[in-house]
Amino acid sequence: MRIFLEEWKKLFTWKFAILLVLVSLVFYQLFIVFEFKYFPNGRPTLDTFMVTQEMLENYGEGMDEKEFLDFQQQFEDRKALLHNYLEEDEKAVESDLTTYEALYRSEVDNEVAQDLREKVGVEKEDLIYDIQARESIISSYEDRKEMGISYLETSSNPALLERIEQLRENGSAENIFSYIVFENYDFLIKDVAILSFFSIMLFIMPLYLKDRKNKVIHLQYATKKGRMLFRTKLAAAVTGGILVITAQLILFFSFYAANDTHMFLSQNINSFINFVMLSWFDLTFLQYIILTVAAIYILGIALIVVCAWISNISPNYMTSVGVHVPLAFVFFGVGTTYLVRHVTTLELPKYTFLIGLAVVLLMSSLVVFWSVKREKRKDILV
2 MRIFLEEWKK LFTWKFAILL VLVSLVFYQL FIVFEFKYFP NGRPTLDTFM VTQEMLENYG
62 EGMDEKEFLD FQQQFEDRKA LLHNYLEEDE KAVESDLTTY EALYRSEVDN EVAQDLREKV
122 GVEKEDLIYD IQARESIISS YEDRKEMGIS YLETSSNPAL LERIEQLREN GSAENIFSYI
182 VFENYDFLIK DVAILSFFSI MLFIMPLYLK DRKNKVIHLQ YATKKGRMLF RTKLAAAVTG
242 GILVITAQLI LFFSFYAAND THMFLSQNIN SFINFVMLSW FDLTFLQYII LTVAAIYILG
302 IALIVVCAWI SNISPNYMTS VGVHVPLAFV FFGVGTTYLV RHVTTLELPK YTFLIGLAVV
362 LLMSSLVVFW SVKREKRKDI LV
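Using the working numbering, the letters of the sequence shown correspond one by one to residues 2 to 383.
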């Protein structure tokens, strides 16, 4: 245990702590802060988000036909408010542009119509965006039986066809879960995964290279206890790396909690309003989050093992950095795209996510087994 703690101290240096803070600050500033600061970004995206929050409060998990009639009435009430406002404008009355449809959904595009739209956009901005948001939701609800049609047009997979039919019939088409919430989280969690993986690379790179640089390798391999130091260092690296990932996730979710999306946690991610992704499984948003976090930990542990192996076989830091470049491409690109974002999507075979993580765990286990076996037989002069 004493040796284990000493190895921890070697990894968690003040230099690494400062570097980790600086890297995290720069990364957040470049890629993450904007998504928090301007969520939801733009209008009527903001209004759509607010309307879906209101729908959850009024209708619960889903919106049935009776509740849809109530929602349509709210839409008509808001159009009536706009109609009353336009009837007080002489130009609108003269041009017969006193309804929402006449002003925004007709082919009229003359100077009077343009001026009126600009005026409404300034004086009744909240009202017009609210109407547009509700109109979009109504259109999506009316087309809910076409859920997954884009998948059907590009695939003849019987399992996929069965799943689409199941989603249409099991009530998923009436679930209230906004694509805005899903898209925002999916974008953010990929960036957090990349930051976590990059932090691990910085953390693990000196693991064995530092001993080689200080020329203590030969002393270690001269004794049986010294040869066992490889496993002690690896254990310190794995536990330390998990701590680094945990710190990054705690930081992220402390910011994410301020996004005011907690009411969606219990909602099924398969919804008539979620255009971004349909899932092979009936997952709630919270369950989806847990899956992505689990994927980050599994990929992170695999990365720790591979980085430790690279640190052990590299003769110097330059070689180690060179080997880390393609590794970064694999984990930052392929790993996050297929195993962190759009988890369980219908666009991929049903068990791609589970098989992918299983393969990652198997390969990292083989690296550990091979490395430990190699250390036992390694010649002192190598």
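Positions of the beta carbon are idealized from the N, C-alpha and C atoms, including for glycine.
Remember, predicted model here, so these are calculated numbers, not experimental data.
- Assigned with DSSP and collapsed to three states, residue 262 falls in coil, not helix or strand.
- Close CB contacts of residue 336 within its chain, under the 7 Å cut and outside five residues either way in sequence, are with 300 (chain order).
- Taking the CA atoms as reference points, residue 267 sits about 26 Å from residue 43.
- When DSSP states are grouped into helix, strand and coil, residue 280 belongs to the strand group.
- The C-beta distance from residue 286 to residue 297 rounds to 17 Å, too long to fall under 8 Å, and the pair is not in contact.
- Residue 112 and residue 88 have their C-alpha atoms spaced approximately 18 Å apart.
- In the displayed model, residue 185 falls within a helix according to three-state DSSP.
- Here residue 21 is buried: its Cβ has 16 or more other Cβ atoms, across all protein chains shown, within 10 Å.
- In this structure, DSSP gives residue 357 a helical state, which the three-state scheme calls helix.
- Selection 357, 64, 343 and 374 evaluated against residue 185 yields 343 as nearest (Cα-Cα).
- Membership of residue 56 in the alpha helix (DSSP H) is indicated by the continuous run 46-60.
- Counted as a single uninterrupted DSSP element, the alpha helix (DSSP H) harbouring residue 115 occupies residues 112-124.
- Residues of the same chain with a CB within less than 7 Å of the CB of residue 178, apart from the 5 flanking positions on each side, are 265, 268, 269, 270, 272, 274, 275 and 286 in chain order.
- Between residue 315 and residue 249, the C-beta gap is not smaller than 9 Å, which leaves the two residues out of contact.
- Between the stretch 287-294 and the stretch 357-367 there are fewer than three inter-stretch CB-CB distances shorter than 8 Å, so the stretches are not counted as touching.
- DSSP places residue 336 in the helix class (H, G or I) of the three-state scheme.
- Annotated three-state conformation of residue 149 is coil, per DSSP.
- Residues of the same chain with a CB within less than 6 Å of the CB of residue 133, apart from the 5 flanking positions on each side, are 45 in chain order.
- Scanning its chain for C-beta atoms nearer than 6 Å, with the 5 sequence neighbours on each side dropped, one finds no residue around residue 350.
- For residue 159, the uninterrupted alpha helix (DSSP H) segment begins and ends at 159-170.
- About 14 Å separates the Cβ atoms of residue 238 and residue 6, ruling out a contact at the 8 Å cut-off.
- In the displayed model, residue 233 falls within a helix according to three-state DSSP.
- Linking residue 105 to residue 130 through their CA atoms gives a straight-line distance of about 12 Å.
- Taking a contact to require three or more Cβ pairs closer than 8 Å, the stretch 116-123 and the stretch 134-150 do not qualify as touching.
- Contact between residue 331 and residue 253 is absent: CB atoms are separated by about 22 Å, not below the 8 Å threshold.
- Contact annotation: residue 205 and residue 305 have beta-carbon atoms nearer than 9 Å.
- A direct Cα-Cα distance of roughly 49 Å separates residue 181 from residue 4.
- When the Cα atoms are used, residue 312 and residue 59 turn out to be separated by approximately 57 Å.
- One thing to note: residue 73 has its Cβ within 9 Å of the Cβ of residue 139.
- If you compare the alpha carbons of 108, 66 and 117 with that of residue 91, the shortest gap goes to 117.
- When secondary structure is reduced to three states using DSSP, residue 247 falls in the helix class.
- CA-to-CA, the gap between residue 24 and residue 370 works out to about 33 Å.
- In the structure shown, the three-state DSSP call for residue 43 is coil.
- Between residue 202 and residue 101, the alpha-carbon positions lie close to 56 Å from each other.
- When the five nearest sequence neighbours on each side are left out, the beta carbons in the same chain lying within less than 7 Å of the beta carbon of residue 128 are those of 79, 82 and 83, in order along the chain.
- In the displayed model, residue 85 falls within a helix according to three-state DSSP.
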